[in-house]
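Enquirer:
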Amino acid sequence: MAAEIDGTSKGLLGAFAAITLISGIVSLVYGIFLLIQNVGVEYNYGAISLFTISIILIVVGGLLIITVLLGVLGALKDISTVRLVSLVLLFILFVVLVILGAWAMVSFKTGRLEKSIGLDINRLKDKLTELTPILKKETAFLNEHYNCCIVYNTNTGSGERTDARCVDSGNDENTNNKTDFVNLCVNAYFQMKSKVVYRVAILALATAGAVLIALLLYGVVSQRARAGYAAVSRG
Numbered sequence: 000m001a002a003e004i005d006g007t008s009k010g011l012l013g014a015f016a017a018i019t020l021i022s023g024i025v026s027l028v029y030g031i032f033l034l035i036q037n038v039g040v041e042y043n044y045g046a047i048s049l050f051t052i053s054i055i056l057i058v059v060g061g062l063l064i065i066t067v068l069l070g071v072l073g074a075l076k077d078i079s080t081v082r083l084v085s086l087v088l089l090f091i092l093f094v095v096l097v098i099l100g101a102w103a104m105v106s107f108k109t110g111r112l113e114k115s116i117g118l119d120i121n122r123l124k125d126k127l128t129e130l131t132p133i134l135k136k137e138t139a140f141l142n143e144h145y146n147c148c149i150v151y152n153t154n155t156g157s158g159e160r161t162d163a164r165c166v167d168s169g170n171d172e173n174t175n176n177k178t179d180f181v182n183l184c185v186n187a188y189f190q191m192k193s194k195v196v197y198r199v200a201i202l203a204l205a206t207a208g209a210v211l212i213a214l215l216l217y218g219v220v221s222q223r224a225r226a227g228y229a230a231v232s233r234g
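Read in order, the letters of the sequence shown are residues 0 to 234 in numbering that gives the first Met the number 0.
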């Protein structure tokens with residue numbers, strides 16, 4: 000049956016398979032990388048969860064790889080239902096990637112991400128006077144992972160970070176440290192998370208572009224395959 004597909008169709012099918020497979024592998028690998036980084040993280044600040052994004056990328060990557068297999072099978076064996084499923088999957092994954100990439104990029108560029116992070120972390124400001132074990136654990140997490148206990152040199156006003164001065168969870172009277180803690184945490188956490196969100200936006204939009212090309216290529220392959228097999232049947 001494969002011999003009934005002409006050379007041009009084979010070339011288009013090969014290009015479709017290569018583009019889709021590479022896109023799927025990149026999405027899957029980066030999704031796994033993000034998952035490993037965030038699977039043990041108990042706290043998320045801001046409107047975007049990196050753990051959720053990692054799951055989305057893994058699912059999209061896995062489905063893209065499956066789509067390659069279905070697409071090639073449907074084209075070579077002239078299984079119209081499989082070709083249709085492949086086209087539908089490609090379109091759905093394209094839409095998902097566009098939404099993910101646009102959402103991440105808009106959140107980053109418009110300041111929504113920073114604002115949502117500030118709102119989430121600033122809720123600690125009102126609770127630091129009565130720290131519970133849960134809040135102590137949360138503040139310890141922020142201090143450990145995002146250097147939130149580092150303060151600016153208030154004497155020189157130079158903006159240079161000096162020796163670490165962490166929040167003393169048991170000292171409710173240390174209000175200056177608490178203010179520094181909150182303000183610096185918002186900035187430090189945003190700086191770390193915004194870089195990842197920006198990379199995700201670029202990756203998702205670039206992958207969406209590749210999937211769109213693959214979708215168009217496979218549409219042509221499907222049309223040519225249908226016409227070719229119809230001609231063989233008539234002959």
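The beta-carbon is built from N, C-alpha and C at its ideal position, and this holds for glycine as well. This structure is a prediction, so every number in the text was calculated from the model and none was measured.
Of the choices K192, K76, F189, whose alpha-carbon is the least far from that of S221?
Expert: Checking every option, the nearest Cα to that of S221 belongs to K76.
Enquirer: Run the CB neighbour count on Y145, radius 10 Å, all protein chains shown included, and call it buried at 16 or more, exposed below.
Expert: Buried is the call here.
Enquirer: Give the straight-line distance between the Cα atoms of V28 and I57, rounded to the nearest whole angstrom.
Expert: Spanning the two alpha carbons is a distance of roughly 8 Å.
Enquirer: Quick check: what's the CA-CA separation for A203 versus S53?
Expert: Answer to the nearest angstrom: the Cα atoms are 11 Å apart.
Enquirer: Give every residue of the same chain whose Cβ lies closer than 7 Å to the Cβ of T153, excluding the five residues on either side of it in the sequence, and list them in chain order.
Expert: Since pLDDT at T153 reaches only 43, below the 50 mark, its modelled position is unreliable, and the value read off the structure follows with that caveat. Nothing listed; no residue qualifies.
Enquirer: If we ignore side chains and look at the alpha-carbon of each, how far apart do L215 and R223 end up?
Expert: Straight-line Cα distance between these residues: approximately 12 Å.
Enquirer: Consult DSSP for R122 and reduce its assignment to one of helix, strand or coil.
Expert: R122 falls in the coil class under three-state DSSP.
Enquirer: Mapping DSSP to helix, strand and coil, what is N43?
Expert: Correct three-state label for N43: coil.
Enquirer: Using three-state DSSP, classify G110 as helix, strand or coil.
Expert: In this structure, G110 counts as coil in the three-state DSSP scheme.
Enquirer: Considering V28, what are the terminal residues of the alpha helix (DSSP H) in which it resides?
Expert: Where V28 is concerned, the enclosing alpha helix (DSSP H) stretches over 6 to 37.
Enquirer: How should I201 be labelled, buried or exposed, when 16 other C-beta atoms within 10 angstroms of its C-beta is the threshold for buried?
Expert: Flag for I201 reads exposed.
Enquirer: Taking 8 Å as the threshold, find out whether the segment 186 to 198 comes into contact with the segment 93 to 108 through three or more Cβ pairs.
Expert: Yes, the segment 186 to 198 touches the segment 93 to 108.
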